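Numbering follows this note's numbering, with no gaps: position 74 of the sequence shown is 442. Inspection log for the structure reproduced underneath, given as structure tokens.
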Amino acid sequence: MTTPATVDTGTAEHRGTSPAPSSMIERMTVILDAFDPHTPSLSLLDLADRTGLPRSTLHRILDQMIRLRWLTHSTGGYRLGMRPLELGGRAAGHNEVRDIVTPLLHEMCRRTGLAGHLAVLDGREVVFLDKAGGRPAARLPTRLGARLPAHTTAVGKAILATLEPGLVDSAYRGALPLSTARSLRTAADLRQELARIRGREGLAVDNEETLSGIRCIAAPLRGCGPATAALSLCGDQQAVDFKELAPLVHDLAGEARRALFPRLGGHRTG
């Protein structure tokens, strides 16, 4: 009598229980991979279950990752820190963003007579990828590659408003450095301002918070996750009417977003 053939259901590796990672790079990778959009915050026990690492080993690695800004920790658990976000922004392709958005920004500046900026977030600062507007832009002290505090600029606040609030809270605590007398002064002020920005479809304003006499309005450029970049229109206080410019900046960001993320369709700035 012959024994019926059986179907091998797979080894332990096929069932997903691969050997525990041994190198530090492998361990950091499985820890970062443990986070997903549905569970942005995980406890030590959650991470031990998801990574298969011993809790004592895991705790030691987590402490190092917090110091290096890969992770943050609060009463809600562990979250991804600023460093993965910064690296993700760089990997998004700044040249591609600039090539696609710059013609649209220059055309809007020509129509409005205002200066325009395209910027990305790098830690607690924004870095300017482009500047448009001819003579109006020449009066502003910004330049390509320049950095400014994100919390004082319209482009910076537009991007920060797309991040997980817990991520922003971990990066901004207590008093904030002031650029002008109108700059946001505390982390609580910033938290309230970002909530207002989310309530108006992502539009952010700089009301003489970076430079006295200069006002800006900005919108984020985002796909499914945090914003890749933000664009803004800026000018002298008398020349910038926030209510008048809001629909123009909203539509400009929508057009830029459709060009950057054609598969998503729709019209989303906030």
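We put the beta carbon where it would ideally sit given N, CA and C, even for glycine. No experiment lies behind these values; they were computed from the predicted model shown.
Outcome for Leu620 when other beta-carbon atoms lying within 10 angstroms are tallied against a minimum of 16:
Position 252 of the sequence shown holds residue 620. The residue is buried, with at least 16 neighbouring Cβ atoms inside 10 Å.
Cutoff 6 Å; reference Ser594; Cβ partners in own chain excluding five residues on either side
For the purposes of this step, residue 594 is taken as residue 226 along the sequence shown, with counting starting at 1. The sequence given here places Pro at residue 594; Ser does not occur at that position. Excluding sequence neighbours, Pro594 sits near Thr530, Leu531.
Just tell me which of Ser391, Arg418, Ile393 has its CA closest to the CA of Ala402.
Locating residue 402 in the sequence shown gives position 34, where the first residue counts as 1. With distances taken between Cα atoms, Ala402 lies closest to Arg418.
Residue range of the beta strand (DSSP E) that includes Pro533:
For this step, residue 533 is matched to residue 165 along the sequence shown. That residue, Pro533, is in no beta strand (DSSP E); its alpha helix (DSSP H) goes 533-539.
Measure the C-alpha to C-alpha separation of Arg626 and Ala556 and round it to an integer number of angstroms.
Residue 626 sits at position 258 when you count from the first residue of the sequence shown. Residue 556 sits at position 188 when you count from the first residue of the sequence shown. Their Cα atoms are separated by approximately 34 Å.
Only counting the same chain, and skipping five residues up and downstream in sequence, which positions put a Cβ closer than 8 Å to that of Pro452?
Locating residue 452 in the sequence shown gives position 84, where the first residue counts as 1. Excluding sequence neighbours, Pro452 sits near Leu400, Trp438.
Tell me the rounded alpha-carbon separation between Gln605 and Leu497.
The count along the sequence shown starts at 1 and reaches residue 605 at position 237. The count along the sequence shown starts at 1 and reaches residue 497 at position 129. C-alpha separation (whole angstroms): 24 Å.
DSSP-derived helix/strand/coil call for Glu569
Numbered from its first residue, the sequence shown carries residue 569 at position 201. In the structure shown, Glu569 sits in coil (DSSP, three-state: anything other than H, G, I, E or B).
Taking the alpha carbon of Ser411 as the reference point, which residue from Thr425, Gly524, Ser442 has its own alpha carbon closest?
Here the question's residue 411 lines up with position 43 in the sequence shown. Closest option to Ser411, Cα to Cα, is Ser442.
Compare the Cα-Cα distances from Gly445 to each of Leu472, His462, Met476, Pro408 and report the closest residue.
Translated into the one-based positions of the sequence shown, residue 445 becomes position 77. Of Leu472, His462, Met476, Pro408, the residue nearest in Cα terms is Pro408.
Using only alpha-carbon positions, find the residue among Ala543, Ala487, Glu569 that is nearest to Ala518.
Taking the sequence shown and counting its residues from 1, the one referred to as residue 518 is at position 150. Closest option to Ala518, Cα to Cα, is Ala487.
Please state whether DSSP places Arg576 in a helix, a strand or coil.
Within the sequence shown, numbered from 1, the residue matching residue 576 stands at position 208. Checking the displayed sequence, the identity of residue 576 turns out to be Glu instead of Arg. The answer is coil: DSSP assigns Glu576 none of H, G, I, E or B.
C-alpha gap between Gly542 and Ile434, whole angstroms:
Here residue 542 refers to the residue found at position 174 when the sequence shown is read from its first residue. Here residue 434 refers to the residue found at position 66 when the sequence shown is read from its first residue. One C-alpha to the other measures close to 19 Å.
How is Thr397 classed by DSSP in three states: helix, strand or coil?
Here residue 397 is taken as the residue at index 29 of the sequence shown, counted from 1. If DSSP states are grouped into helix, strand and coil, Thr397 belongs with the helices.
Minimum C-alpha distance to Ala598 - residue among Ala586, Cys592, Asp490
As a first step, residue 598 must be located in the sequence shown, where it is residue number 230. Ranking the options by Cα distance to Ala598, first place goes to Ala586.
Presumed contact (8 Å Cβ cut-off) between Val573 and Ala505, rounded CB distance
Within the sequence shown, residue 573 is the residue found at index 205, counting from 1. Within the sequence shown, residue 505 is the residue found at index 137, counting from 1. Actually they do not touch by this definition, with Cβ atoms about 19 Å apart.
Val469 vs Leu589 beta-carbon contact at 8 Å
Residue mapping note: residue 469 aligns to position 101 of the sequence shown, counting from 1. Residue mapping note: residue 589 aligns to position 221 of the sequence shown, counting from 1. Contact flag set, yes.
Please state whether DSSP places Asp467 in a helix, a strand or coil.
As a first step, residue 467 must be located in the sequence shown, where it is residue number 99. Asp467 falls in the helix class under three-state DSSP.
Same chain, Cβ closer than 7 Å to Ala614, neighbours up to 5 away in sequence not counted:
As a working note, residue 614 is residue 246 in the sequence shown. Cβ within range, chain order: Leu571, Ile585.
Where Arg503 falls, given that 16 or more other Cβ within 10 Å makes a residue buried
Counting from 1 along the sequence shown, the entry for residue 503 is found at position 135. Exposed, by the Cβ-count rule.
Give the straight-line distance between the Cα atoms of Ala514 and Leu489, rounded to the nearest whole angstrom.
For this step, residue 514 is matched to residue 146 along the sequence shown. For this step, residue 489 is matched to residue 121 along the sequence shown. Between Ala514 and Leu489, the C-alpha separation is close to 12 Å.
Helix, strand or coil for Gly603, going by three-state DSSP, please let me know.
If you number the sequence shown from 1, residue 603 lands on position 235. If DSSP states are grouped into helix, strand and coil, Gly603 belongs with the strands.
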